[in-house]
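Undergrad: Going by my numbering, the first residue of the sequence shown is number 7, and it counts up by one from there.
Where is the CB? At the ideal position from N, CA and C, for every residue including glycine.
None of these values were measured; they are calculated from a predicted model.
Let me give you the structure first, and then I'll get to my questions.
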Amino acid sequence: MSALDLDRAARLAVARAVYADVPLYDPKRAPVDLDLTDNTNLWGVPPTAERVLREIAPSVITRYPSLYAADLKQALAEWLGVSADMLVTGAGSDDVLDSAMRAFGDPGDRVAASVPTFAMVPIFAQMNGLAYTGVPETADHTLDVEALLATAPKVLYVCTPNNPTGCVTPLATLRALAMRHTGVLIIDEAYAEFAGVSAVQLVREFDRVLVVRTMSKAFGLAGLRIGYAVGQPALVTEVEKSRGPYKLTSLAERVAVTAVREDMAWVQEHVALAVSLREQLADSLRTRGFAPLPSGANFVCAAVPECVAVGQAMRARGVAVRPFPALPHIGDALRFSVGPWPLLERCLAAFDAAVAEVLPDRAAAASTGVSA
Ligand SMILES: *Cc1c(COP(=O)(O)O)cnc(C)c1O
Numbered sequence: 007m008s009a010l011d012l013d014r015a016a017r018l019a020v021a022r023a024v025y026a027d028v029p030l031y032d033p034k035r036a037p038v039d040l041d042l043t044d045n046t047n048l049w050g051v052p053p054t055a056e057r058v059l060r061e062i063a064p065s066v067i068t069r070y071p072s073l074y075a076a077d078l079k080q081a082l083a084e085w086l087g088v089s090a091d092m093l094v095t096g097a098g099s100d101d102v103l104d105s106a107m108r109a110f111g112d113p114g115d116r117v118a119a120s121v122p123t124f125a126m127v128p129i130f131a132q133m134n135g136l137a138y139t140g141v142p143e144t145a146d147h148t149l150d151v152e153a154l155l156a157t158a159p160k161v162l163y164v165c166t167p168n169n170p171t172g173c174v175t176p177l178a179t180l181r182a183l184a185m186r187h188t189g190v191l192i193i194d195e196a197y198a199e200f201a202g203v204s205a206v207q208l209v210r211e212f213d214r215v216l217v218v219r220t221m222s223k224a225f226g227l228a229g230l231r232i233g234y235a236v237g238q239p240a241l242v243t244e245v246e247k248s249r250g251p252y253k254l255t256s257l258a259e260r261v262a263v264t265a266v267r268e269d270m271a272w273v274q275e276h277v278a279l280a281v282s283l284r285e286q287l288a289d290s291l292r293t294r295g296f297a298p299l300p301s302g303a304n305f306v307c308a309a310v311p312e313c314v315a316v317g318q319a320m321r322a323r324g325v326a327v328r329p330f331p332a333l334p335h336i337g338d339a340l341r342f343s344v345g346p347w348p349l350l351e352r353c354l355a356a357f358d359a360a361v362a363e364v365l366p367d368r369a370a371a372a373s374t375g376v377s378a
């Protein structure tokens with residue numbers, strides 16, 4: 007037995023039983039020249055936040071951060087028009103989602119979500135000893151409301167705009183879900199800035215709705231790990247207990263406060279740019295005979311047969327997009343993050359070459375204008 011095998015055997019013996027099937031997250035994100043796989047802000051970091059980052063005093067780092075990021079909660083509250091006691095922060099919205107599942111789910115309780123959706127959701131459920139049920143979305147990429155409610159979940163997760171499809175769930179559907187669902191409704195709005203609509207107002211009407219958001223996408227701060235959620239005070243307090251103190255670093259909190267208070271014009275400008283380029287990218291895919299789904303996010307998802315092989319062929323040309331094999335009602339698909347147009351042009355050139363290589367019939371049909 008090698009040292010590694012011994013280590014494995016020792017670990018297995020002491021590991022929590024429910025962790026046996028928990029994978030380490032692997033989005034297959036090997037370094038590549040142009041990475042369009044993770045929907046981060048390809049225009050960079052907001053300028054004032056970047057200055058704060060560079061000028062941070064060593065004393066900020068030697069001391070512990072604030073317990074529950076009160077300054078950031080205050081800044082977010084003013085921006086969102088809620089009170090600071092309606093906010094909870096975390097080390098990325100991943101941390102907030104994980105904490106929320108732990109806060110509201112007793113071991114064995116059910117978490118339900120539409121399929122496809124954010125890949126981490128079943129993993130967070132497993133990590134907390136909860137039972138996960140995925141309910142396929144309808145053929146028109148909307149939530150199957152009856153089937154979701156029929157699973158009688160303790161925690162119901164809805165992502166809007168949805169990752170990976172980009173589809174937006176109307177506020178009326180969310181309100182109907184909130185009215186009928188007896189557990190906690192988590193609405194993940196990681197991409198809400200790009201949709202121009204938000205469900206934050208629902209937290210005033212319902213005491214079991216938690217709207218989870220992030221500064222990793224529109225705000226360009228993924229590496230600092232800053233997420234938050236909005237809900238009624240009694241609800242967010244439970245998430246905060248589960249999350250624990252000192253989760254946000256001092257550095258992250260300072261940069262985030264500055265971004266919210268002083269960089270909103272930059273954020274809005276780049277959101278508008280991403281939205282316009284998203285439509286330009288969708289048009290470019292349609293011109294090539296592909297059918298992108300309507301997106302409210304900073305990415306475009308399109309059915310592309312042999313998506314893994316096409317993705318690999320693109321990667322061989324220095325460009326990465328994310329393949330999603332065999333999605334319900336969609337089949338194989340690729341998800342393209344939106345960035346500055348020169349990057350998207352490079353991506354489309356790699357896509358064309360990959361399609362010509364992997365799907366020669368499809369490429370020929372596109373060039374004659376006949377959709378395959
Ligand atoms: C990117 C993403 C997140 C994670 O964001 P972090 O704040 O970086 O943890 C959460 N939900 C969805 C749907 C995402 O796409």
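State yes or no: is the C-beta of Phe194 nearer than 7 Å to some heavy atom of ligand 1?
TA: Taking the first residue of the sequence shown as 1, we reach residue 194 at position 188. First, the residue type needs correcting, since residue 194 is Asp and not Phe in the sequence shown. Result yes, Cβ under 7 Å from ligand 1.
Undergrad: Please find out if some non-hydrogen atom of ligand 3 comes closer than 7 Å to the beta-carbon of Thr220.
TA: Within the structure as shown, ligand 3 is missing, the only ligands being ligand 1.
Undergrad: Per DSSP, which residues does Ile193 bridge with? Please list them.
TA: The count along the sequence shown starts at 1 and reaches residue 193 at position 187. Answer by DSSP bridge pairing, in chain order: Val164 and Val217.
Undergrad: Could you check the C-alpha separation between Arg321 and Val38 for me, to the nearest Å?
TA: One-based indexing of the sequence shown puts residue 321 at position 315. One-based indexing of the sequence shown puts residue 38 at position 32. Cα to Cα, the separation comes out at about 7 Å.
Undergrad: Ends of the alpha helix (DSSP H) at Ala369?
TA: On the sequence shown, residue 369 is found 363 positions in, with the first residue counted as 1. Here the alpha helix (DSSP H) through Ala369 covers Pro366 to Ser373.
Undergrad: State the DSSP-derived secondary structure class of Gly87, mapped to helix, strand or coil.
TA: Here residue 87 corresponds to residue number 81 of the sequence shown, with the count starting at 1. Three-state result, Gly87: coil.
Undergrad: Count the other C-beta atoms from every protein chain shown that fall within 10 angstroms of the C-beta of His335, then say buried if there are 16 or more, exposed otherwise.
TA: Numbered from its first residue, the sequence shown carries residue 335 at position 329. Classification of His335: exposed, given that the 10 Å Cβ count is below 16.
Undergrad: In or out: Asp32 buried (at least 16 other Cβ within 10 Å) or exposed?
TA: Position 26 of the sequence shown, counted from the first residue, corresponds to residue 32. Label assigned to Asp32: exposed.
Undergrad: From Gly3 to Ala371, what distance separates their C-alpha atoms?
TA: Outside the shown range of the chain (7 to 378) lies residue 3, about which nothing can therefore be said.
Undergrad: Looking only at its chain, what residues have a beta carbon closer than 6 Å to the beta carbon of Thr171, apart from the 5 residues adjacent to it on each side?
TA: As a first step, residue 171 must be located in the sequence shown, where it is residue number 165. Within the same chain, Thr171 has close Cβ partners His147, Leu299 and Cys307.
Undergrad: List the DSSP bridge partners of Ser343.
TA: Numbered from its first residue, the sequence shown carries residue 343 at position 337. Ser343 is bridged to Phe305.
Undergrad: Which of the three DSSP states is assigned to Phe225 in this structure?
TA: Within the sequence shown, residue 225 is the residue found at index 219, counting from 1. In the structure shown, Phe225 sits in coil (DSSP, three-state: anything other than H, G, I, E or B).
Undergrad: Kindly give me the distance between the Cβ atoms of Val161 and Val117, rounded to whole angstroms, as I take these residues to be in contact under 8 Å.
TA: If you number the sequence shown from 1, residue 161 lands on position 155. If you number the sequence shown from 1, residue 117 lands on position 111. Contact holds; Cβ gap of about 5 Å.
Undergrad: Please work out which residues of its chain come closer than 8 Å, Cβ to Cβ, to Arg35, disregarding the five sequence neighbours upstream and downstream, and give them in chain order.
TA: Numbered from 1 along the sequence shown, position 29 holds the residue referred to as residue 35. Here Arg35 has Asp41, Thr43, Asp44 and Ala326 as same chain residues with Cβ atoms under 8 Å from its own Cβ, once five neighbours each way along the sequence are excluded.
Undergrad: Is any heavy atom in ligand 1 found nearer than 7 Å to the beta carbon of Gly345?
TA: Counting from one through the sequence shown, the residue named residue 345 turns up at place 339. Short note on Gly345: C-beta not closer than 7 Å to any heavy atom of ligand 1.
Undergrad: For a quick check, are the C-beta atoms of Leu103 and Val242 less than 8 Å apart?
TA: Walking along the sequence shown from the start, residue 103 turns up at place 97. Walking along the sequence shown from the start, residue 242 turns up at place 236. Not closer than 8 Å, so no.
Undergrad: Near Lys79, what residues of its chain come up, given a Cβ to Cβ distance below 7 Å and the 5 sequence neighbours on each side ignored?
TA: To locate residue 79, count along the sequence shown from 1; it is residue 73. For Lys79, where only same-chain residues beyond five positions count, the Cβ hits under 7 Å are Ala90, Leu93 and Thr95.
Undergrad: For Leu354, I'd like the list of residues in its chain whose CB is within less than 7 Å of its CB, leaving aside the five on either flank, ordered along the chain.
TA: Your numbering for residue 354 matches position 348 in the sequence shown. Ser290, listed in sequence order.
Undergrad: Exposed or buried, Ala9, counting other C-beta atoms within 10 Å across all chains shown (16 or more means buried)?
TA: The residue given as residue 9 occupies position 3 in the sequence shown. Residue placement at Ala9 is flagged as unreliable, the pLDDT there being 49, under the threshold of 50; a coordinate-derived value is accordingly withheld.
Undergrad: Residue range of the alpha helix (DSSP H) that Gly98 falls in?
TA: Locating residue 98 in the sequence shown gives position 92, where the first residue counts as 1. That run of the alpha helix (DSSP H) goes Gly98 to Phe110.
Undergrad: Just to confirm my understanding: we take Thr255, look at its own chain, exclude 5 residues before and 5 after, and list those with CB closer than 7 Å. What are they?
TA: Indexing the sequence shown from 1 puts residue 255 at position 249. Here the set comprises Pro71.
Undergrad: Just verifying my parser: in three-state terms, what is the DSSP assignment at Ser120?
TA: Taking the first residue of the sequence shown as position 1, residue 120 is located at position 114. Residue state, collapsed to three classes: strand.
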